[in-house]
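In my numbering, the protein residues as written are 142 to 273.
Here is the structure we will look at, set down as structure tokens.
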């Protein structure tokens, strides 16, 4: 379980960055199994991305100034493991200013992992935010 905890912590760390900084998007790519998917299910229709597409979207938002800083952290989780597959419900808080007291978003990342050659990788991640 420690490996999954560390991978999840590293996932959040590489997408979080302060003003003037950059997310570590190249590192993010290394956490996913080939063909991995990310699905944002916050809007009326799901937005599905390959890892490369997701990285490109985030990089463009940082480049054009739409995303100047971002912080997301896990506040609780539930993980189930069976052999070489695992699933984690990861409750998160997201902030545009890491020092902000209140998050702009709270939600759940549903992360699926597979163990390949002794190492855990993410096969897919789907998220949704709490609604009022």
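All residues carry an ideal CB built from backbone N, CA and C; glycine is no exception.
These numbers were taken from a predicted model, which means no experiment stands behind them.
| With a CB to CB cut of under 7 Å and the five nearest residues on each side skipped, what residues in its chain are close to residue 267? | 180, 182 and 251
| Under the rule that 16 or more other beta-carbon atoms within 10 Å means buried, what is residue 177, buried or exposed? | buried
| said: Tell me the residue span of the alpha helix (DSSP H) that contains residue 204. | reply: 192-204
| task | May I ask you to list the residues that DSSP assigns as paired with residue 235? | result | 213 and 246
| query | Name the DSSP beta bridge partners of residue 226, please? | reply | 223 and 255
| field | Reduced DSSP secondary structure (H/G/I, E/B, other) of residue 165 | value | coil
| message | Taking only three categories from DSSP, how would you classify residue 160? | response | coil
| request: Use the C-beta contact count for residue 164: other C-beta atoms within 10 angstroms, 16 or more gives buried, fewer gives exposed. | output: buried
| field | Nearest neighbour of residue 212, chosen from 146, 159, 261 and 223 [CA to CA] | value | 159
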